[in-house]
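Quick note: the numbering used here has the sequence shown finishing at residue 294, numbered continuously throughout. Worksheet: the structure to be examined is printed underneath.
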Amino acid sequence: MELSIYLVLVSLLSLIWAFRKLRKSKSGENCFLKMVCTEFYPSASDEDWDVIVIGSGLSGLTVAKVLAASGRKVLVLEQHDRAGGSCHTFELDKYEFDVGLFLCLISANNFNARPQVIIGDRYYGRTTGDSKHFCEQLKSWFPAEASNIDDYFQYKCLGANLRFFVAIKMMPAFVVRLLVRSGVIRLFTSVFKYSGQNLLDVMKQYKLSADVQTVIAYYFANYGAPPNRASFFQHHLFLMENGFYPVGGATTITANIIRSINKFGGKVLVKADVQQIVFAAGK
């Protein structure tokens, strides 16, 4: 009898906990939706803003967040009905979809997401695998350049260097400043060296042919900067092992940045179709 009562109580508590969790989840979703979908209102233009950012993609939001955190009053204007750029989501038939860019091959009754590079009459189709696998594929396609390809892919050390770079975020600020100003930090990481170079220049340094450069760089469309402008370090973050997906979808990334902008007195407004940029009195 006592066991039965105990089981009933446990079941009831479980149901109550699940219900509260569901309500909290729905509340969080509504909060996120409100943050990324706050519409422009005319009186917003009457307020005094230190900085106005046009476009709410991750670049615009990141700049806005940094400026807001440094004490500027920032307004972000987005013409779409929600903020986030390639990190926003939409709903269709009760399902939520991310709008991030994908590379797809479409043929007769066939639709597959498959990265493929076509140079003349040659096809280079990358298969699933990590950066070591990609390196081996490149060497099989371009055996005459195997040595240069191996040298180029020594960037793998960046993975360990990146971990150190993250670790210094937990050090006291005065220690980090001392390491940076003295140059000692460069003995522990090559992140600063590579983050300041673009992808095209680094590939040329390793004497890679134009075809190899094309196959390596083809997916620059994923982050929107051509090889002569893309950070070498940024490009190869795409090749590091393992991928991650945010709980709640890409909107959570956008919403949390906007939450921070709001906390510092800024605003992110959508349905704001900017027609022109006017400079007056040096502003």
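Even glycine gets a Cβ: it sits at the ideal position worked out from N, Cα and C.
TODO: Evaluate histidine 144 with the Cβ neighbour count: other Cβ atoms within 10 Å of its Cβ, from every protein chain shown; 16 or more gives buried, anything less gives exposed.
DONE: exposed
Open item on the list: Quick check on DSSP: helix, strand or coil for lysine 282?
Closed with: coil
- [ ] Please state if the CB of lysine 215 and the CB of aspartate 92 are separated by a distance shorter than 7 Å.
- [x] no
Open item on the list: I need the DSSP call for glutamine 90, collapsed to helix, strand or coil.
Closed with: coil
Open item on the list: Suppose you measure from the CA of alanine 291 to the CA of valine 110; what does that come to, to the nearest Å?
Closed with: 37 Å
- [ ] Kindly confirm or deny that the segment 60 to 78 and the segment 217 to 228 touch, where touching means at least three C-beta pairs closer than 8 Å.
- [x] no
TODO: Ignoring anything shorter than 4 residues or poking outside the segment 150 to 226, list the alpha helix (DSSP H) runs there in chain order.
DONE: 157 to 163, 168 to 178, 184 to 193, 202 to 206, 210 to 216
Task: Endpoints, alpha helix (DSSP H) assigned at threonine 262 - done: 262 to 274
TODO: Measure from the alpha carbon of isoleucine 196 to the alpha carbon of each residue in Ser56, Val177, Gln208, then state which is nearest.
DONE: Val177
Open item on the list: With the cut-off set at 7 Å, would you say isoleucine 264 and proline 257 are in Cβ contact?
Closed with: yes
Open item on the list: Applying the 10 Å Cβ sphere with the 16-neighbour rule, what's the burial state of asparagine 239?
Closed with: exposed
- [ ] Hey, could you find the ends of the alpha helix (DSSP H) threonine 100 is sitting in?
- [x] Here threonine 100 belongs to no alpha helix (DSSP H); instead the beta strand (DSSP E) covers 100 to 103.
TODO: Could you work out which residue in Gly260, Thr262, Gly259, Phe231 is closest to leucine 248 when comparing CA atoms only?
DONE: Phe231
TODO: Compute the distance between the beta-carbons of leucine 280 and phenylalanine 108, then report whether it is under 7 Å.
DONE: no
Task: Of the residues Gln208, Ser81, Gly293, Lys105, the one placed nearest glycine 276, counting alpha carbons only - done: Ser81
Task: Opening and closing residue of the alpha helix (DSSP H) in which glutamine 245 lies - done: 243 to 248
Open item on the list: Give me, in chain order, the residues of the same chain whose beta-carbon lies closer than 6 Å to that of valine 213; leave out the 5 immediate sequence neighbours on both sides.
Closed with: Phe243
TODO: Return yes when the Cβ of aspartate 284 is within less than 7 Å of the Cβ of glutamine 165, no when it is not.
DONE: no
TODO: Look at the Cβ atom of alanine 261, then the Cβ atom of cysteine 98, and state whether they are nearer than 7 Å.
DONE: yes
Task: Cross-strand partners of glutamine 127 (DSSP beta bridge) - done: Gly136
Task: Neighbour-count burial assignment, serine 67, 16 or more Cβ in a 10 Å radius - done: buried
- [ ] Counting only the same chain and skipping the five closest in sequence on each side, list residues whose C-beta sits under 6 Å from that of leucine 86.
- [x] Trp60, Ile63, Lys278
TODO: Could you give the DSSP three-state label for aspartate 57: helix, strand or coil?
DONE: helix
TODO: Would you kindly report the start and end of the unbroken beta strand (DSSP E) that includes valine 64?
DONE: 62 to 65
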